[in-house]
Amino acid sequence: NKKIYCYETREFIMDVGTMKRLKLAKQIIKKDIFLKANIKFKKPAFFLDRDGVINKEHKNLKFQDPTNFNNGILSGLKKIRKMGYLIIVITNQSCIAKGFITEKKLYELHNKMQLKLNKSNIYIDKIYYCPHHPEKGFKNEVKRLKIICNCRKPNNGLLKKAIKELNINVQKSFFIGN
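Here it is as structure tokens:
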């Protein structure tokens, strides 16, 4: 019955609750990777579309399973991380506006995807999604989300938000979409 609080950060955090982890932390502090994790340091990023890039996209489904990974994506994500890039997902999720799933369900699916990636030592720095869809006429659509917005790709609202929040070095970054 206790509340647990957390916050998101792209900065380096390490639990040093044992002597072994404390020794490891002392070694890490001496390396520049620790300093480069500071939010004041601009970092390059790979912006990745979710459906069709990370997971297989099936056109006939109302929403996609983000844990149904494309072939080669795990090794690709590991290479991206090894090169020192942030991994940021930018995805349109009109299934929410259309009433096919709730934002809570999307959050659960993204957690499931991240847990599956974490088992392969792959970490997504942040997921940005657009829940909007401008076309009306879906049975259970969410009226407040039936808008034309600047965050729905191909617009760049989510990219701008990520660049600002995470202090991204745009000149050294990439976007991969399907």
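Here the numbering used here is used: the first residue of the sequence shown is 1, the next is one more, and so on.
Backbone N, C-alpha and C define an ideal beta-carbon position, used for all residues, glycine too.
| message | Once the 5 residues before and after Ala37 are set aside, which same chain residues still bring their CB inside 6 Å of it? | response | Only Glu11 and Phe12 meet the Cβ criterion.
| said: When you compare the region 153 to 171 with the region 90 to 97, are there three or more beta-carbon pairs, one atom per stretch, that lie closer than 8 Å? | reply: Proximity of the region 153 to 171 to the region 90 to 97 meets the contact definition, three or more beta-carbon pairs being nearer than 8 Å.
| message | With H, G and I counted as helix, E and B as strand and the rest as coil, what does DSSP make of Val53? | response | In this structure, Val53 counts as coil in the three-state DSSP scheme.
| query | Which runs of the beta strand (DSSP E) fall wholly inside the region 114 to 146 and span at least 3 residues, in chain order? | reply | Counting whole runs of 3 or more residues, the region 114 to 146 contains the beta strand (DSSP E) stretches 126 to 130.
| message | What does the alpha-carbon distance come out to for the pair Ile80 and Ile147? | response | Going by the C-alpha atoms only, they are around 34 Å apart.
| field | Segments assigned alpha helix (DSSP H), at least 4 residues, entirely inside the region 29 to 110 | value | Taken in chain order, the complete alpha helix (DSSP H) segments of 4 residues or longer contained in the region 29 to 110 are 32 to 36 and 73 to 82.
| field | Start and end residues, alpha helix (DSSP H) containing Ile163 | value | Its alpha helix (DSSP H) spans residues Gly157 to Leu166.
| Cβ atoms of Ile122 and Leu74: under 8 Å apart, would you say? | In this structure, Ile122 lies closer than 8 Å to Leu74 by Cβ.
| task | Could you pull the start and end residues of the beta strand (DSSP E) that Ile176 belongs to? | result | Here the beta strand (DSSP E) through Ile176 covers Phe174 to Ile176.
| Assigned secondary structure, Val16 (DSSP; H/G/I helix, E/B strand, else coil) | Coil at Val16, not helix or strand.
| Are Asn179 and Ile39 closer than 8 Å when you measure CB to CB? | The requested residue 179 does not occur in the structure, where the chain is confined to residues 1 to 178.
| said: If you measure between the beta carbons of Asp49 and Ile163, is that distance less than 8 Å? | reply: No Cβ-Cβ contact shorter than 8 Å links Asp49 with Ile163.
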